[in-house]
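Okay, structure first, notes after.
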Amino acid sequence: MQSVPSNLLTNISGTAGVVQISGPAPASAALVTPTAMASFTWVYQATTVGWFKFSAWATGQDSLNYNWINSAGVVSNVVTVQAPGQLTASMAVQRLTVSENQDVEIHLTVTNTGGAAIQNIWTTDTGTLELGVNGSAASTIRVAGPFPAAPGFTLASGASNTLTWTYRGTAIPGVISFSGMAVGTDQNTGQAVFSNAPTSVSVSVQANPALMMEIYPQPASLTQGNVFTLLLTVTNTGTAGLTADAVGVTVAAWSRSARPLPST
Amino acid sequence: MSYFTFTYSGTLLGTLEFSTYVQGTDQNTNSQIQSNWQKSNQVRVRFEPVLNASFNSLPATMNTGQRITVVMS
Chain A
832 MQSVPSNLLT NISGTAGVVQ ISGPAPASAA LVTPTAMASF TWVYQATTVG
882 WFKFSAWATG QDSLNYNWIN SAGVVSNVVT VQAPGQLTAS MAVQRLTVSE
932 NQDVEIHLTV TNTGGAAIQN IWTTDTGTLE LGVNGSAAST IRVAGPFPAA
982 PGFTLASGAS NTLTWTYRGT AIPGVISFSG MAVGTDQNTG QAVFSNAPTS
1032 VSVSVQANPA LMMEIYPQPA SLTQGNVFTL LLTVTNTGTA GLTADAVGVT
1082 VAAWSRSARP LPST
Chain B
13 MSYFTFTYSG TLLGTLEFST YVQGTDQNTN SQIQSNWQKS NQVRVRFEPV
63 LNASFNSLPA TMNTGQRITV VMS
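From first to last, the protein sequence lines are chains A and B. Quick note on this note's numbering: the first sequence kicks off at 832 and runs consecutively. Quick note on this note's numbering: the second sequence kicks off at 13 and runs consecutively.
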C-alpha cells in the first residue's frame, strides 16, 4: 500500500506565525508488509510569537483493490513561540566617595527583557566571581560577593536578580569604577545570551579624615571671677569629609562653662 | 469458448486455492465428457489495511526564528 501524508501546512492552528521550510520527506512511502511503518518529516520555522499546533492524517491506496484509506486525524501538542531571551544589566554603587580601606557595595542587576527563559546565568563571561575594576584596580580588592552566592541562576521573562559585591579601595587618592556583565543560555535554543556590559559611576577613594585641634584661652591670664573665652580650632587634615558632632571640654579644678562648636 | 464466473468472499485469514473441472454431454452420443481437474493459483486472505498516524513530541516552547522538525509516523 502506498501511504501519502496529508499536507500539514493547511492544518496549522494557533496565533503564532509559522512557515514551512521543507517536507514532507519522503513525499510518499510504500507500506507493503503488515505493521510496516514510514516516517514523514517537515521542517517549519516560527516567525511571530503566539502558539500553534499541527493536525494531520495519512492517506494511502490499497494496492489490491485500489481503495483509498485514511488514518484517523492526529493532533500535535501545543508549541508556544516566544521572543528570544535577552539580558539587560545595570550597575549601581552604594556611595560615590569612600575613605581609605572603607568598603563599598556594588550592585549588578540583571533582567531578562526577552521572552524565553534564560538558564545558568553567570555574571561575568569568564566564569570568575570578580567584577571588572577600572582605575586604581591594583589597589582595589574584593572583600565579599557576589551575593546571592551561587551564580548559575535562571530568569524567566521579565524577572530580574540583583547581585551585590563588596570592594575596598586601599590607595589614596584613587578613582575606581566597576564593570560587569551577565551571560546565560536561552532555554529554547541552547544558545549563549550576553548582556550589555555596563560600567558604574566612579567612586572616589579619599584619605581618612584626621582631626587636629588647637586651644587658645583668651586672655591667657585672668583673675578669679573673670569671664574668659576658650577658642578651639579644629582642622581636618584628611581628604574625606568630616562632621564635628560635639566637643567636650574638661577644666581641671575650677568651675567650667563650655558649649560645643558649630559643626564644620 | 465460454466463461463461467463465480464470486466468493474471504471470511478467515489464510490462503486458499480453487480447483474445478468441467463436465459435458456429447450431443451425438449422449456420452459424458469430463475435463481434467484444474487448480488456480493460491489466494491470500488478509485484513483490510489500516493506517495509524502519530506525531513526534514537539518542544513546548520555541523562539521566533527557530526551526522545528515535525515527524509523523
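Here a beta-carbon is modelled for each residue, glycine too, at the ideal position from N, C-alpha and C. None of the values given here were measured: they were computed from a predicted structure.
Residues sharing a beta bridge with residue 74 of chain B, DSSP | A/912
Mind pulling the beta strand (DSSP E) runs of 3 or more residues that sit fully within the segment 22-82 of chain B?
-> 26-28, 35-37, 44-46, 55-57 and 73-75
Taking Cβ positions only, does residue 944 of chain A come closer than 7 angstroms to chain B?
-> For residue 944 of chain A, the answer is no, since every Cβ of chain B falls outside 7 angstroms of its Cβ.
Could you list which residues in chain A have their beta carbon closer than 7 angstroms to that of residue 13 of chain B, in chain order?
-> Per Cβ cutoff of 7 angstroms: no residues; residue 13 of chain B is ~28 angstroms from chain A at best.
Just how far apart, CA to CA, sit residue 73 of chain B and residue 843 of chain A?
-> 16 angstroms
Write down the C-beta distance between residue 990 of chain A and residue 943 of chain A rounded to the nearest angstrom, noting that I regard them as a contact closer than 8 angstroms.
-> Indeed they touch by this definition, with Cβ atoms about 6 angstroms apart.
Indicate whether at least one CB of chain B lies closer than 7 angstroms to the CB of residue 900 of chain A.
-> yes
Touch test, the segment 49-57 of chain B against the segment 892-901 of chain A, Cβ-Cβ under 8 angstroms, three pairs minimum = no
Under a Cβ-count criterion, where at least 16 other Cβ atoms within 10 Å of its own Cβ denotes burial, should residue 952 of chain A be classed as buried or exposed?
-> buried
Are at least three pairs of beta-carbons, each pair with one atom in the segment 1062-1073 of chain A and one in the segment 1039-1046 of chain A, less than 8 angstroms apart?
-> yes
Should residue 1056 of chain A go down as buried or exposed, given a rule of 16 or more other Cβ atoms within 10 Å for buried?
-> So residue 1056 of chain A ends up on the exposed side.
Whole-angstrom distance between residue 1027 of chain A and residue 1002 of chain A, CA atom to CA atom = Straight through space, the alpha carbons of residue 1027 of chain A and residue 1002 of chain A are spaced by roughly 29 angstroms.
Is it true that the CB of residue 80 of chain B sits closer than 7 angstroms to the CB of residue 875 of chain A?
-> yes
Residue-level contact to chain B via CB, residue 840 of chain A, 7 angstroms cutoff | Low local confidence applies: a pLDDT of 49 at residue 840 of chain A is under 50, so the model's placement there is unreliable, with the coordinate-based value given in what follows. Not closer than 7 angstroms to any Cβ of chain B, the Cβ of residue 840 of chain A fails to qualify, so no.
Report the residues of the segment 41-57 of chain B with a CB closer than 8 angstroms to any CB of chain D, ordered along the chain.
-> In the structure shown, chain D does not exist; the protein chains are A and B.
To the nearest angstrom, how far is it from the Cα of residue 78 of chain B to the Cα of residue 24 of chain B?
-> 52 angstroms
Endpoints, beta strand (DSSP E) assigned at residue 1045 of chain A | Run containing residue 1045 of chain A: 1042-1049, per the beta strand (DSSP E) assignment.
Proximal residues to residue 1053 of chain A (C-beta, below 7 angstroms), its chain only, five neighbours per side dropped | Cβ contact annotation for residue 1053 of chain A (same chain, cutoff 7 angstroms, sequence separation greater than five): 1059, in chain order.
Shorter than 7 angstroms from the beta carbon of residue 889 of chain A to some beta carbon of chain B?
-> Chain B contact via Cβ: present.
Between residue 911 of chain A and residue 851 of chain A, what straight-line distance do the alpha-carbon atoms span, to the nearest angstrom?
-> 17 angstroms
Residue range of the unbroken beta strand (DSSP E) whose run includes residue 933 of chain A = Premise fails: residue 933 of chain A is in no beta strand (DSSP E) and is neither H nor E.
Should residue 950 of chain A and residue 1018 of chain A be called a contact, given that it needs their Cβ atoms to be closer than 7 angstroms?
-> In this structure, residue 1018 of chain A lies closer than 7 angstroms to residue 950 of chain A by Cβ.
Would DSSP call residue 842 of chain A helix, strand or coil?
-> helix
For chain A, is any of its Cβ atoms less than 7 angstroms away from the one on residue 30 of chain B?
-> no
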